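Step one of this worksheet: look at the structure below.
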Amino acid sequence: MPPARLSPVRRILFTSILAALVVIYLEIFLQIFYFASVGDFLFRRALPPIYAADPVRCYRVASDLDYVHRTNEFEIQIYTNSLGLRTDASHREYAKPKPDDVYRILVTGPSFAFGWGANYEEIFPTLIERGLSVPGKRVEVMNLGTPSQGSAHQLCWMKEVGYAYQPDMVLHVSYGNEVNPVAMDCPTRAELECPTIEDGQLVPAGVDSVARAKAFVKRFALVFYGYYAWNAVAKPEPVPDATRSLYAKGETASGSETSFEALADTYAGHVDFLKHLLGERTQVAFIYLPYSFAVHPDDIVRFPGLTPEDVPITRERIAAGVEAVTARGLPILDTLPPLMKAASDHRLYYWLDIHFTPYGNRVVAEVATPFVQELIDRSQP
Numbered sequence: 098m099p100p101a102r103l104s105p106v107r108r109i110l111f112t113s114i115l116a117a118l119v120v121i122y123l124e125i126f127l128q129i130f131y132f133a134s135v136g137d138f139l140f141r142r143a144l145p146p147i148y149a150a151d152p153v154r155c156y157r158v159a160s161d162l163d164y165v166h167r168t169n170e171f172e173i174q175i176y177t178n179s180l181g182l183r184t185d186a187s188h189r190e191y192a193k194p195k196p197d198d199v200y201r202i203l204v205t206g207p208s209f210a211f212g213w214g215a216n217y218e219e220i221f222p223t224l225i226e227r228g229l230s231v232p233g234k235r236v237e238v239m240n241l242g243t244p245s246q247g248s249a250h251q252l253c254w255m256k257e258v259g260y261a262y263q264p265d266m267v268l269h270v271s272y273g274n275e276v277n278p279v280a281m282d283c284p285t286r287a288e289l290e291c292p293t294i295e296d297g298q299l300v301p302a303g304v305d306s307v308a309r310a311k312a313f314v315k316r317f318a319l320v321f322y323g324y325y326a327w328n329a330v331a332k333p334e335p336v337p338d339a340t341r342s343l344y345a346k347g348e349t350a351s352g353s354e355t356s357f358e359a360l361a362d363t364y365a366g367h368v369d370f371l372k373h374l375l376g377e378r379t380q381v382a383f384i385y386l387p388y389s390f391a392v393h394p395d396d397i398v399r400f401p402g403l404t405p406e407d408v409p410i411t412r413e414r415i416a417a418g419v420e421a422v423t424a425r426g427l428p429i430l431d432t433l434p435p436l437m438k439a440a441s442d443h444r445l446y447y448w449l450d451i452h453f454t455p456y457g458n459r460v461v462a463e464v465a466t467p468f469v470q471e472l473i474d475r476s477q478p
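Oh and the sequence shown: position 116 is 213 in the numbering used here, straight run, nothing missing.
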């Protein structure tokens, strides 16, 4: 007697269950493989639980951290002091009032200033500190850099907390596809965009269910390794198409002299705020860092909505923005040219992570140290 055949409904059900089991086992295998390779869970790759709420600037990096951040691209140790400022393993604190024999620089900015993806000893603020000299004084860099935090939040911290540390110089680090505006004052708490902190992780204000779903899906190993495979064997080369260019859109067209003047106004306002708060003798300077595609053009595939045509236009707009700020007599360092020069030999940014490799940090420090040293020398009697 021939075996009974499954009905179509049962065949579909059996096939579905079998496929689900294969997917589950494959996901488990890849998660174990990632943990064995990296030493940490995949879901913590981009969202480490290192944040705490802050009454002045909405959030900060948590105090007194000793946290290992592991991904498949890097493994670093994150230490902070009681203020949540990044430090070495000593959790270094900073005296207030400032000792007479100290020249103090406060570095502000987002994750690039913080040094995401590199150990404290490798990040450019630390390398700058080690390369500077002031006669009769010890140079000290306080690193307020905080991932994803805007300059307005940090001006509020300066107004309520930071002024007491009496920095001789404030060095603001900005990052973007071009030179972006900076805050000119500290807004009210209601006007600040404050993310929430969930289990030590940042959740942006107003995040919708779609964004949450995308973030959740990215934690799956099948998605993570599938993205790798897609880029390695299947993803086509970007096709030139000027109609898809970022700068083909009206609101981001090549720009006018007026728009760059407005940009420079924000930098002048930023300086005025800090000098009014800290004193006219306080120096304020800026370092601009570009997106990776301006340095490594092949990275354009990582940025949705951009095409190869955007690379030269972006470079031109960066130069125009820097020129507008410089024309106001404000010191700003454009790191794009030295980064482009160094990129011919080494990769300066990670591939999946958007931040600098240790080598990228070193290149920035090599040009930023003499830039800052010259400003210090000018201020000395």
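C-beta: ideal position from N, C-alpha, C; glycine also. Quick caveat: nothing in here was measured; it's all calculated off a predicted structure.
Below 8 Å on the Cβ atoms is my contact criterion, and I expect residue i with residue j to pass it. Report the Cβ-Cβ distance as a whole number of Å.
| i | j | result |
| --- | --- | --- |
| Glu275 | Ile415 | 5 Å |
| Leu472 | Pro434 | Rounded, the Cβ-Cβ distance is 19 Å, inconsistent with contact. |
| Ala382 | Met266 | 7 Å |
| Val158 | Thr205 | About 13 Å separates the two Cβ atoms, so there is no contact after all. |
| Arg412 | Ala391 | 6 Å |
So for residue i, helix, strand or coil by DSSP?
| i | result |
| --- | --- |
| Ile109 | helix |
| Leu224 | helix |
| Leu430 | strand |
| Lys193 | coil |
| Leu162 | coil |
| Cys155 | strand |
| Val231 | strand |
| Gln380 | strand |
| Thr454 | coil |
| Tyr148 | strand |
Could you tell me which of the options sits nearest to residue i, measuring between CA atoms?
| i | options | result |
| --- | --- | --- |
| Pro244 | Gln380, Leu299, Pro405 | Leu299 |
| Ala359 | Arg378, Pro387, Tyr217, Glu420 | Glu420 |
| Pro394 | Pro387, Arg102, Pro405, Val238 | Pro405 |
| Met437 | Val106, Gly457, Asp362, Asp161 | Gly457 |
| Met281 | Leu374, Val106, Asp265 | Leu374 |
| Arg167 | Ala150, Pro401, Pro145, Pro387 | Pro145 |
| Tyr262 | Leu203, Leu386, Gly402 | Leu203 |
| Phe468 | Leu430, Lys256, Tyr148, Trp254 | Leu430 |
| Phe211 | Pro196, Gln251, Asp407, His367 | Gln251 |
| Asn169 | Ala462, Ser187, Leu449 | Leu449 |
| Leu386 | Ser356, Leu371, Leu268 | Leu268 |
By DSSP's criteria, residue i is part of a beta bridge. Which residues make up the other side?
| i | result |
| --- | --- |
| Leu386 | Tyr272 |
| Asn178 | DSSP lists no partner for Asn178. |
| Val238 | Ile202 |
| Ile173 | His166 |
| Tyr122 | Its beta-bridge partners do not exist; DSSP assigns none. |
| Thr184 | Tyr176 |
Along the chain, where does the beta strand (DSSP E) containing residue i start, and where does it finish?
| i | result |
| --- | --- |
| Val62 | What is shown of the chain runs 98 to 478, which leaves residue 62 out entirely. |
| Ile294 | 293-295 |
Could one say the Cβ of residue i lies closer than 9 Å to chain C's Cβ atoms, at least one of them?
| i | result |
| --- | --- |
| Pro284 | The question asks about chain C, but that chain is absent: this structure has only one protein chain. |
From what residue to what residue does the alpha helix (DSSP H) around residue i run?
| i | result |
| --- | --- |
| Gln477 | From DSSP, Gln477 is part of no alpha helix (DSSP H); its letter is neither H nor E. |
| Val398 | No alpha helix (DSSP H) holds Val398; DSSP gives it neither H nor E. |
| Val419 | 407-423 |
| Gln263 | Run containing Gln263: none; DSSP gives neither H nor E here. |
| Trp52 | In the structure displayed, the chain extends from 98 to 478; residue 52 sits before or after that span and is not available. |
| Ala210 | 208-211 |
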